[in-house]
Each structure stands twice: as C-alpha cells, then as structure tokens.
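Here's the structure, in structure tokens; my notes come after.
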Amino acid sequence: MSSSSSSTPKKCKHKSKKKHSKGDKKEQKFRQRFKQQIMFTEYKHQVKSILKTLPKARTITRAFQKHATDRNTVVSTSVIGKLTIAAPEAYEEVLAKKPCGETVLAFAKWSEAAIQGDEDVKEEIESMKSGGTLLPIRRRKSV
Numbered sequence: 000m001s002s003s004s005s006s007t008p009k010k011c012k013h014k015s016k017k018k019h020s021k022g023d024k025k026e027q028k029f030r031q032r033f034k035q036q037i038m039f040t041e042y043k044h045q046v047k048s049i050l051k052t053l054p055k056a057r058t059i060t061r062a063f064q065k066h067a068t069d070r071n072t073v074v075s076t077s078v079i080g081k082l083t084i085a086a087p088e089a090y091e092e093v094l095a096k097k098p099c100g101e102t103v104l105a106f107a108k109w110s111e112a113a114i115q116g117d118e119d120v121k122e123e124i125e126s127m128k129s130g131g132t133l134l135p136i137r138r139r140k141s142v
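Residue numbers (numbering that gives the first Met the number 0): 0 to 142.
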C-alpha cells in the first residue's frame, strides 16, 4: 500500500472577497469625483498644449486624439481657456464671483456671459483665433 499525494484530490482555496462598508464606498466616490475635477486654471494649459500639437497633427481631431481628449469636452470648456488667455483680468473677476462647489460647465457659462458682455474681449478673441493663438473652435448653434 503505497500512498501517493497525486491520487488525493487537491482542494482549491478561494479567496473570499471583502465586503466594502458604506464608508469605503463614499470615499471611493469622493476620489472619483476629485479625479474628474480639473482645476479651472488647467484649461489654459490644455488649450495651449493642443495648440502646440496642432501643426504636427494637421487636424484638430488628430490633436484631440493625441491628447486623449474628447472634442465635446474641449468645445464646452474652451470658453474658460479663451477667457484666461485673451482677458486674464476678466477671468480673475469671474473667478472671484464663482460660488463654492460650482461645476466646470456652469463656470464655462459664466465665462461665456463675461465674453458676450464685453465687445473688446470678443474682438480680441476673434483676432487671436485668426492669428492662431487660440483654437478655431465654434459651438454649433442648436436649432
């Protein structure tokens, strides 16, 4: 009678999954939300970096792909970048009026209102677009 270890079936040990408490889930949601929020000042850098790669990429779409950025995201938030580059004093004014906890899209609407309210800033932005200092992006008008 020889006993071999190969004849005995081995039991697989399964790792039990640790259940997450509500505190862990809340912390995870907070982390995700924090990652999604980009500081308002970073939009200026995002626009400038896309502008740098635009001549090499030859099209705006390829420049967005190279930076792994969605076109709609850039279009909806490019107003912030335009305002910071064309009129930094107007940007600081809008930033000072910003309520705490405001979303990026709401801040973009405030920035758009500041641009539409000042004709000089509008003209400056149009001249910068034609000169290549700003991205030539226009929002499509809703019907």
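The beta carbon of each residue, even a glycine, is placed where N, CA and C say it ideally should be. On a predicted model such as this, the values are computed, not experimentally measured, just so you know.
Closest Cα partner of residue i within the set the options
| i | options | result |
| --- | --- | --- |
| Ile79 | Ala105, Phe63, Cys99 and Ala62 | Ala105 |
| Glu91 | Ser110, Ser75, Ser48 and Val103 | Ser110 |
| Thr83 | Glu122, Glu41 and Pro135 | Glu41 |
| Ile136 | Ser48, Pro54 and Arg70 | Arg70 |
| Val73 | Gly131, Met127, Cys99 and Val103 | Val103 |
Proximity of residue i and residue j at Cβ, strictly below 8 Å
| i | j | result |
| --- | --- | --- |
| Lys65 | Thr52 | yes |
Same chain, Cβ closer than 7 Å to residue i, five either side skipped, listed in chain order
| i | result |
| --- | --- |
| Arg61 | none |
| Ile124 | Lys81, Ala85, Ile114 and Leu133 |
| Ala56 | Ala62 and Lys65 |
| Ser48 | His66 |
| Ala89 | Leu82, Ala113, Asp117 and Val120 |
| Leu50 | Leu134 |
Nearest-angstrom beta carbon gap, residue j and residue i [assumed within contact, 8 Å]
| i | j | result |
| --- | --- | --- |
| Val120 | Ser77 | Rounded, the Cβ-Cβ distance is 15 Å, inconsistent with contact. |
| Ser75 | Ala107 | 6 Å |
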